[in-house]
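Here the sequence shown is numbered in this note's numbering, starting from 28 and rising by one per residue.
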Amino acid sequence: MTVTPPPSRVASTVERASAALARLRRGRLLHPAGRSFAGETMIWGTPGPPTGVDLLDQPGRYRTTVRLSKGTPTPGSWPDVLGLALRLHRDDGRPFDLLVSSSGAAPVLRNLPLPRRRFTGTYSTIMCYRAGRRRLWLAALADPDSADLGRSLATAAAATRTDTPRLVLAVASAVGHWRLVGQVSLGAQLSAAQDAALAFDPVRNLPPDLRVAGPLAWLRDHTYRGSRRARGATAQSGGSTAATV
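What follows is the structure in structure tokens.
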């Protein structure tokens, strides 16, 4: 089924409303409270049948900017929909922005954002991607051998000062098991100014063989555009210039 995009005036209205709300918050409209880190992503390659996405199927190493965040945000260690944003800096200059939210690992729960306390846990893309005719979900899962990120942004930042916390990247179909494809390591925390300047685009900053799918993709695209416009940011603003960990 082909989905006809809403008229341009509707898109403009959504962007203006998102920008107005972001200005009221004096920052990001979505996940305003967060901490950003320099990092590194190691892609091991896809076990079993390939996904059709070269970045996931072929081994590689990428300098990465990592942001942990709270969605509402609630105070301290109160439950919230937690966010993990990754920007993989590719050699061709086009970043890959992967945004995942706290969720369940089971097939029926990977489509639902679920509040929780701990930053170590399952994060999924909630909405699916398409690679050719395949539907894919991506996730970051807890690494049982990694340092714990704790229950607050402060404890997560503290963990990076004494250790190198890690999360495992995975891919799955709508009902399939997660297949482990790589690992993300968190390094030095970036400054508050660097965090404020950072902006992601989970719809357009994608590898050429991957695209977003689902009825909420259009809304997500224009909401992020409005939020960035209110901050004077672009789809590729910010990002770590630090060495890999």
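Ideal Cβ positions, reconstructed from N, Cα and C, are used throughout, including at glycine.
Q.
With H, G and I counted as helix, E and B as strand and the rest as coil, what does DSSP make of T101?
A. Three-state DSSP puts T101 in coil, outside helix and strand.
(Q) Spatial neighbours of P229 within its chain, please: C-beta separation below 6 Å, excluding the five flanking residues on both sides. (A) Taking P229 as the centre and dropping the five residues before and after it, the same chain places the C-beta of D124, L126 closer than 6 Å to its C-beta, in chain order.
Q: Let me know the secondary structure DSSP gives L180 once reduced to three states.
A: Annotated three-state conformation of L180 is helix, per DSSP.
Q: Kindly indicate which three-state DSSP category Q210 falls into: helix, strand or coil?
A: The answer is strand: DSSP assigns Q210 an E or B state.
Q: Throw me the rounded Cβ distance for the R88 and M69 pair, which I believe falls under 8 Å.
A: Indeed, because the Cβ distance is near 6 Å, the residues count as touching under 8 Å.
Q: Could you tell me if G110 is buried or exposed, where buried requires 16 or more neighbouring beta carbons within 10 angstroms of its beta carbon?
A: It is buried - the Cβ of G110 has at least 16 other Cβ atoms within 10 Å.
Q: Give the range of the alpha helix (DSSP H) segment to which L82 is assigned.
A: Per DSSP, L82 is one residue of the alpha helix (DSSP H) stretching across 81 to 84.
(Q) Helix, strand or coil, according to DSSP, for D172 in the structure here? (A) In this structure, D172 counts as coil in the three-state DSSP scheme.
Q) Nearest to A60 by CA position, among D107, S35, L82, is which residue? A) Measuring from the Cα of A60, the nearest candidate turns out to be D107.
Q: Taking all protein chains shown into account, decide if W105 is buried (16 or more other Cβ within 10 angstroms of its Cβ) or exposed.
A: W105 counts as exposed, since fewer than 16 other beta carbons sit within 10 angstroms of its beta carbon.
Q) Do the region 200 to 211 and the region 158 to 174 make contact, defined as three or more Cβ pairs closer than 8 Å? A) When Cβ pairs closer than 8 Å are counted between the two stretches, the region 200 to 211 is seen to touch the region 158 to 174, the count reaching three or more.
Q.
Classify T78: buried if its beta carbon has 16 or more other beta carbons within 10 angstroms, exposed otherwise.
A. Around the beta carbon of T78, 16 or more other beta carbons lie within 10 angstroms, which makes this residue buried.
Q.
Alpha carbons only, please: which of D236, R145, G241, S212 is nearest the one belonging to R114?
A. That would be S212, whose Cα lies nearest to the Cα of R114.
Q. What first and last residue would you give for the alpha helix (DSSP H) that runs through A112?
A. Under the DSSP assignment, A112 falls outside any alpha helix (DSSP H), being part of the beta strand (DSSP E) whose first and last residues are 109 to 116.
Q: Would you mind giving the Cβ-Cβ distance between R62 and A184, rounded to the nearest angstrom? I have them listed as a contact below 8 Å.
A: Between A184 and R62 the Cβ distance is about 5 Å, and since that is below 8 Å, they are a contact.
Q: Please check the pair T73 and D84, which I expect to be a contact at CB under 8 Å, by giving their CB distance rounded to whole angstroms.
A: So it is a contact: roughly 5 Å between Cβ atoms.
Q: Could you say which of Q216, N232, A226, G241 lies nearest to F64 if we only look at CA atoms?
A: Of the candidates Q216, N232, A226, G241, the one whose C-alpha sits nearest the C-alpha of F64 is Q216.
Q.
Tell me which residue opens and which closes the beta strand (DSSP E) that A222 is part of.
A. According to the sequence displayed, residue 222 carries Asp and not Ala. For D222, there is no enclosing beta strand (DSSP E); the enclosing alpha helix (DSSP H) has its first and last residue at 219 to 224.
Q.
I need the boundaries of the beta strand (DSSP E) containing T68, first residue and last residue.
A. Boundaries of the beta strand (DSSP E) harbouring T68: 60 to 70, taken from the DSSP string.
(Q) Measuring straight from C-alpha to C-alpha, what distance separates R17 and P234? (A) The chain is shown from 28 up to 272; residue 17 falls before or after that span and cannot be answered.
Q: Identify the continuous beta strand (DSSP E) that holds R157 and give its terminal residues.
A: Unbroken beta strand (DSSP E) run through R157: 156 to 158.
Q: Out of A240, L180, T147, state which residue places its alpha-carbon closest to the alpha-carbon of T101.
A: The shortest C-alpha separation from T101 is found at L180.
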